[in-house]
Amino acid sequence: IDFSKFREIADEVGAKLMVDMAHIAGLVAVGLHPNPVPYADITTTTTHKTLRGPRGGMILTNDENLAKKINSNVFPGTQGGPLEHVIAGKAAAFGEALTPEFKEYGEQIIRNTQEMAL
Numbered sequence: 040i041d042f043s044k045f046r047e048i049a050d051e052v053g054a055k056l057m058v059d060m061a062h063i064a065g066l067v068a069v070g071l072h073p074n075p076v077p078y079a080d081i082t083t084t085t086t087h088k089t090l091r092g093p094r095g096g097m098i099l100t101n102d103e104n105l106a107k108k109i110n111s112n113v114f115p116g117t118q119g120g121p122l123e124h125v126i127a128g129k130a131a132a133f134g135e136a137l138t139p140e141f142k143e144y145g146e147q148i149i150r151n152t153q154e155m156a157l
């Protein structure tokens, strides 16, 4: 996916660029897929698909104004208590994503999809 091209198109028409990388987040984490975060105004993902963590999600932005709007619309209405055990599970998953074995897992995902695409 050429995220820079999407950024260019969004800029041409004055639109915000939002990317959902739920299915590719694990591959992005280990550099096996282009990272949309530098190009997108907002990036969303889950923590339980290719990142292999507990069910959850993340909303990422480096725009402080957007972050304030998102925070005020998500918490406390949609997002409840912190669920420390889920936070610990996510931390463990993110830690695993830093290991060489996790990169091997991502490489195997790519091999599997290439094989199934035949």
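40 is the number of the first residue of the sequence shown in the numbering used here; add one for each residue after it.
Every residue, glycine too, gets a C-beta built ideally from N, C-alpha and C.
Being a predicted model, the structure only gives us computed values, none of them experimental.
- Name the DSSP beta bridge partners of ILE48, please? Paired residues: none, contrary to the question.
- Determine the extent of the alpha helix (DSSP H) in which VAL113 is found, giving its start and end residues. Looking at the DSSP string, the run of the alpha helix (DSSP H) that includes VAL113 is 103-113.
- Query: Since MET155 is in the alpha helix (DSSP H), which residue starts that stretch and which ends it?
  - Reply: Bounds of the alpha helix (DSSP H) holding MET155 are 139-155.
- Query: Along the chain, where does the beta strand (DSSP E) that runs through VAL58 open and close?
  - Reply: VAL58 -> beta strand (DSSP E) spans 57-59.
- Report the residue from LEU99, GLU123, VAL125, HIS124 whose alpha carbon sits nearest the alpha carbon of VAL113. From the listed residues LEU99, GLU123, VAL125, HIS124, the smallest Cα separation to VAL113 is found for LEU99.
- Any contact of the region 70-83 with the region 42-58, i.e. 3+ C-beta pairs under 8 Å? Contact holds between the region 70-83 and the region 42-58, because three or more Cβ pairs, one in each stretch, are under 8 Å apart.
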